[in-house]
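Worksheet: the structure to be examined is printed underneath.
There are 2 protein chains.
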Amino acid sequence: MKKNLIVAQSGGPTAVINSSLRGVIQEAMRHPDEIGSVYGALNGIQGILEERIIRLDNQFPTAEAFDLLAHTPSSALGSCRYKMPTPEKGDGQYAKVLEVFRKWNIGYFAYIGGNDSMDTANKIAEYCHQHGQEIRVIGVPKTIDNDLPLTDHCPGFGSAAKYIATSLLEIAADADVYPVKSVVVAEIMGRNAGWLTAAACLAREAGSYAPQLIYLPEVAFDTDQFLEDVRAQLEQYDSVVIAVSEGVRLADGSYVAESMQSGQVDAFGHKYLAGVGKYLEQLIAARIGCKVRSVELSVMQRAAAHLQSATDRQEAARAGEEAVKALLAGHSRMMVAYHRVSNTPYLIDFILVPLREVANVEHKIPREWISPAGNHVTAEMVRYLLPLIQGEDFCPTQNGLPRHFCLDKSVVRQ
Amino acid sequence: MKKNLIVAQSGGPTAVINSSLRGVIQEAMRHPDEIGSVYGALNGIQGILEERIIRLDNQFPTAEAFDLLAHTPSSALGSCRYKMPTPEKGDGQYAKVLEVFRKWNIGYFAYIGGNDSMDTANKIAEYCHQHGQEIRVIGVPKTIDNDLPLTDHCPGFGSAAKYIATSLLEIAADADVYPVKSVVVAEIMGRNAGWLTAAACLAREAGSYAPQLIYLPEVAFDTDQFLEDVRAQLEQYDSVVIAVSEGVRLADGSYVAESMQSGQVDAFGHKYLAGVGKYLEQLIAARIGCKVRSVELSVMQRAAAHLQSATDRQEAARAGEEAVKALLAGHSRMMVAYHRVSNTPYLIDFILVPLREVANVEHKIPREWISPAGNHVTAEMVRYLLPLIQGEDFCPTQNGLPRHFCLDKSVVRQ
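The listed protein sequences correspond, in order, to chains P and C. Numbering-wise, the numbering used here puts 188 at position 177 of the first sequence, and it's gapless, one number per residue. Numbering-wise, the numbering used here puts 32 at position 21 of the second sequence, and it's gapless, one number per residue.
As structure tokens, this is what we get:
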């Protein structure tokens with residue numbers, strides 16, 4: 012008997028998470044003999060628990076519609092930050108998921124998300140298996156943070172990196188116009204892994220003087236050394252641009268800007284961070300006294316679909332397609348991952364890695380890709396990053412603005 | 012005897028200020044019988060006072076070089092925020108400018124800048140005239156703020172408006188993924204005039220629900236009314252996006268976020284502002300208690316050349332060309348301005364307006380283009396704005412990043 016497929020999106024959105032969704036839908040629709048309906052759950056696992064389920068296989072009459080979806084930022088199906096309890100504690104919820112899967116004749120579940128989502132997907136697959144229901148579950152990676160293990164890089168990262176490098180390039184041009192000493196501190200996302208902040212280095216590949224300094228969560232931050240670094244750069248340049256990760260920490264493990272934080276945590280127990288850029292701005296003003304400004308790249312890092320990396324976009328779509336192929340080939344409890352075959356020419360393979368080895372593991376920057384002084388990155392890092400931002404694939408526009416796809420979210424009754 | 016032309020850039024940069032520079036240089040080079048050398052002064056009027064002058068007519072061997080310059084953000088010649096004293100008080104400085112003009116055989120001076128720069132240009136022209144030296148002086152408008160009088164709009168504004176509307180569209184897509192009530196406050200530049208903030212309304216033309224609320228400096232801000240507005244929108248929408256100008260003020264004239272400000276003023280005596288977004292974020296958190304985030308679009312508003320409006324770029328170049336034509340036709344102490352002939356089709360004429368009528372006058376939004384409640388804009392505003400963001404003219408790229416022109420700033424000795 013043919014089974015249906017359900018797909019959902021979870022965690023923070025990216026500029027290409029809908030490319031992966033497109034890949035899943037499009038590939039599933041290529042196999043009408045094996046897959047019945049293609050459903051989407053709204054707001055991730057929450058949509059399954061609450062049976063907020065929509066039809067996806069009837070919303071894309073043309074290739075143009077798929078193309079528009081792929082150029083639309085953020086999670087078209089909505090997202091969630093809902094953490095499933097452990098199966099021992101949350102039996103009711105797992106039983107509910109299983110019940111919904113049975114009711115909707117689901118045989119395939121594709122979950123597009125980051126570390127936490129891979130954990131959720133893995134637990135659900137395990138529970139279903141233990142309760143005699145074979146639901147094949149596949150993870151499709153997604154995170155601008157690039158911190159998933161066992162994959163060369165993550166869908167969504169390349170576009171965020173392109174946005175960051177482009178913005179740094181433009182901010183540096185803007186900062187360099189007055190004949191006075193000045194500093195710009197650009198605060199970039201990344202709680203524990205510094206990949207996004209490291210990507211600022213690419214502005215130099217485009218000939219910019221910036222950023223002269225890069226601070227990452229992987230290296231303990233030393234305030235005195237930081238001020239010395241800034242002073243040394245100001246000797247050499249009128250304008251100094253610093254890229255700093257929101258997650259930089261002192262040697263004792265506390266966040267640099269902790270004193271300015273509210274101490275709030277999100278549903279996963281992560282500290283809610285903001286403000287290291289502003290903190291360093293005030294520090295420089297007080298201790299060095301030159302003109303200084305902080306800029307927070309904020310949500311545009313993950314939402315700027317108008318600056319998608321074509322490479323990232325195409326890979327993200329392929330990841331979705333490969334996920335469906337893997338499901339049909341009988342795989343389950345795996346995540347699609349990228350294996351880099353070569354840099355010149357840039358070539359990747361799509362592989363499968365066990366969900367349980369991905370769940371809750373954070374892949375950080377190797378120390379040897381960070382400069383010995385801990386305030387920049389190495390040439391190896393540049394070689395790693397550069398292929399990921401290649402290709403401009405400008406979004407369809409109308410009236411001078413990007414056109415976004417609007418999913419019909421009418422919930423289906425079963 | 013042939014005279015030379017000198018051009019300089021002043022004030023805050025824009026995404027198309029180099030298009031105007033391109034227009035000036037290119038048009039000047041078309042008249043070798045009338046114009047000798049084309050010089051550039053580095054850092055505006057300061058570069059003239061300090062004789063930091065470069066050759067411009069030998070730096071563009073190809074049309075591609077000009078095209079690259081036009082896609083490069085920020086002031087290629089550098090800028091200044093230097094305010095000339097009144098001629099009575101600063102005779103030494105005016106005498107110095109006159110001396111430099113004589114020494115370099117300058118007959119034509121084009122100054123690309125905003126209100127303050129037009130004031131400077133006007134005073135210099137007047138001084139030269141009074142001291143028997145006929146230097147023709149022309150102003151080329153430039154300001155993302157769109158606050159110059161006597162011109163339909165200003166070069167630089169359309170691109171900033173396009174960046175703001177595009178970012179709001181993407182931020183709104185990002186904000187709408189979780190099934191919880193939430194607010195995003197987007198803080199947009201604009202000290203006294205709300206044009207940039209008003210441009211956020213264009214996101215709705217692309218089908219977005221955002222922004223539901225717009226607060227401008229032209230209307231006194233009422234904190235209680237604001238909270239009521241937000242609550243009303245939260246009744247209707249899960250996600251509320253608010254565009255707020257950095258310059259919004261209470262009825263008593265004080266800035267809304269004044270208590271959080273440092274009280275610093277720049278060289279022109281303007282208050283240095285930041286933080287109204289953060290302030291309103293904290294207000295909503297404390298008084299409404301929903302999820303809330305503030306985003307400051309910051310310098311990307313004026314620097315994001317990768318999102319230039321093609322209309323803006325072309326008009327800015329034409330403004331530079333028209334400036335040179337006006338100089339050669341014998342005009343002086345005038346500024347090039349735009350006159351809108353029609354909206355459908357969109358058509359503008361280039362006209363000349365007296366510098367003295369432009370200097371230090373701020374053009375604000377007419378009250379009738381703001382909704383009666385003072386928290387949005389009218390259809391008339393949309394009709395005014397829409398033509399200005401039309402056209403994508405994507406920048407040349409290399410290695411996945413925009414290519415920028417790099418001017419040779421070797422100072423010439425006379």
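Don't be surprised by glycine CBs; every beta carbon is placed ideally from N, CA and C. Quantities reported herein were computed from a predicted structural model and do not represent experimental measurements.
**Study point:** Chain-ordered chain P contacts of His317 of chain C [CB-CB under 8 Å]
**Key:** Residues of chain P passing the Cβ test: Thr177, Glu181 and Leu318.
**Study point:** Under 8 Å (Cβ pairs) to chain C, residues found in the segment 289 to 312 of chain P
**Key:** Arg304, Val306, Glu307, Ser309, Val310 and Met311
Exercise for review: Verify whether the separation of the beta carbon atoms of Lys336 of chain P and Ala204 of chain P is less than 8 Å.
Suggested key: no
Practice item. Return the bridge partner residues of Glu110 of chain P from the DSSP annotation. Key: Glu110 of chain P is not bridged to any residue.
Point to revise | Validate contact between the segment 156 to 165 of chain P and the segment 213 to 227 of chain P using beta carbons, cut 8 Å, 3 pairs | key: no
Review point. When the distance is taken between beta carbons, is Glu181 of chain P closer than 8 Å to Leu397 of chain P?
Key: Not closer than 8 Å, so no.
Review point. Going by C-alpha distance, which of P:Gly124, P:Leu109 and P:Ala321 is nearest Tyr93 of chain P?
Key: Of the candidates P:Gly124, P:Leu109 and P:Ala321, the residue whose Cα lies closest to the Cα of Tyr93 of chain P is P:Gly124.
Check your understanding: Leaving out five residues before and five after Val303 of chain P in sequence, what residues of the same chain have Cβ atoms less than 8 Å from its Cβ?
Key -> Ser193, Val194, Val195, Val196, Glu292, Ile295 and Ala296
Point to revise | Candidates C:Ala314, C:Cys417 and C:Asn386: closest to Ala209 of chain C by CA position | key: C:Asn386
**Study point:** Every unbroken beta strand (DSSP E) inside the segment 298 to 332 of chain P [3 residues or more]
**Key:** List check, beta strand (DSSP E) in window: 302 to 307.
**Study point:** Bridge partners - Asp68 of chain P, DSSP secondary structure assignment
**Key:** Answer is none; Asp68 of chain P lacks a bridge partner.
Practice item. To the nearest angstrom, report how far apart Gln70 of chain P and Val251 of chain P are at their CA atoms. Key: 49 Å
Check your understanding: Would DSSP call Phe237 of chain C helix, strand or coil?
Key -> helix
**Study point:** Stretch pair the segment 104 to 112 of chain P + the segment 46 to 62 of chain P: three plus CB contacts closer than 8 Å
**Key:** yes
**Study point:** Closer than 8 Å to chain D by CB, Ile155 of chain C
**Key:** In summary, chain D is missing from the structure at hand, where the protein chains are P and C.
Exercise for review: Classify Glu239 of chain C as buried or exposed, calling it buried when 16 or more other Cβ atoms lie within 10 Å of its own Cβ.
Suggested key: Exposed, because fewer than 16 other Cβ atoms sit within 10 Å of the Cβ of Glu239 of chain C.
Point to revise | Per-residue burial, Leu338 of chain P [other beta carbons within 10 Å of its own, 16 or more giving buried] | key: It is buried - the Cβ of Leu338 of chain P has at least 16 other Cβ atoms within 10 Å.
**Study point:** Validate contact between the segment 75 to 93 of chain P and the segment 26 to 35 of chain P using beta carbons, cut 8 Å, 3 pairs
**Key:** yes
**Study point:** Within-8 Å CB hit, Ile64 of chain C to chain P
**Key:** no
Point to revise | Beta-carbon separation (whole angstroms), Leu16 of chain C vs Ala121 of chain C, contact threshold 8 Å | key: 7 Å
Exercise for review: Evaluate the contact criterion for the segment 396 to 412 of chain C versus the segment 406 to 422 of chain P: three or more CB pairs, one atom per stretch, below 8 Å.
Suggested key: yes
**Study point:** Beta-carbon spacing of Ala315 of chain P, Gly34 of chain P below 8 Å
**Key:** No, these two residues do not count as a Cβ contact at 8 Å.
Exercise for review: Give, in chain order, every residue of the segment 382 to 413 of chain C whose Cβ lies closer than 8 Å to some Cβ of chain P.
Suggested key: For the segment 382 to 413 of chain C, the set of positions with a beta-carbon nearer than 8 Å to some beta-carbon of chain P reads Leu397, Ile400, Gln401, Gly402, Glu403, Phe405, Thr408, Gln409, Asn410, Gly411, Leu412 and Pro413 in chain order.
Check your understanding: Listing by chain order, which chain C residues have their CB less than 9 Å from the CB of Lys173 of chain P?
Key -> Gly411 and Leu412
Point to revise | Coarse secondary structure for Tyr283 of chain C, derived from DSSP in three states | key: Confidence at Tyr283 of chain C is low in this model, with a pLDDT of 44, below 50, so its placement is unreliable and no value can be given for it.
Check your understanding: Just checking my contact of Asn116 of chain C with Gly201 of chain C at CB under 8 Å: how many whole Å lie between their CB atoms?
Key -> Their Cβ separation, rounded to whole angstroms, is 41 Å, which puts Asn116 of chain C and Gly201 of chain C out of contact at 8 Å.
Check your understanding: Excluding the five sequence neighbours on either side, which residues of its own chain have a C-beta within less than 6 Å of the C-beta of Cys139 of chain C, listed in chain order?
Key -> Leu109 and Ile146
**Study point:** Cα-Cα separation between His142 of chain P and Lys14 of chain P, rounded to whole angstroms
**Key:** Taking the straight line joining both Cα atoms gives about 18 Å.
Exercise for review: With distances taken Cα to Cα, identify the nearest neighbour of Asp156 of chain C among C:Thr177, C:Gly258, C:Asp130 and C:Pro383.
Suggested key: C:Gly258
Review point. Grouping DSSP H, G and I as helix and E and B as strand, with all else coil, what is Ala278 of chain C?
Key: Since pLDDT at Ala278 of chain C reaches only 43, below the 50 mark, its modelled position is unreliable, and the value read off the structure follows with that caveat. If DSSP states are grouped into helix, strand and coil, Ala278 of chain C belongs with coil.
Review point. Anyone know if the C-beta pair for Thr25 of chain P and Arg313 of chain P falls short of 8 Å?
Key: Contact flag set, yes.
Check your understanding: Along the chain, which unbroken stretches of the beta strand (DSSP E) at least 3 residues long are found entirely within the segment 341 to 423 of chain C?
Key -> 345 to 354 and 357 to 365
Point to revise | Other residues of its chain near Glu332 of chain C: CB distance less than 8 Å, five sequence neighbours each side excluded | key: Gly34, Val35, Gln37 and Glu38
Point to revise | Beta carbon proximity, Val188 of chain P to chain C, threshold 8 Å | key: yes
Exercise for review: Give the residues of chain C in contact with Glu216 of chain P, contact being defined as C-beta atoms less than 8 Å apart.
Suggested key: Asn410 and Leu412
Practice item. Note down, in chain order, each residue of its chain lying with its Cβ closer than 8 Å to the Cβ of Phe416 of chain C, except the 5 sequence neighbours on either side. Key: Asn29, Ala76, Leu79, Leu80, His82, Thr83 and Ala87
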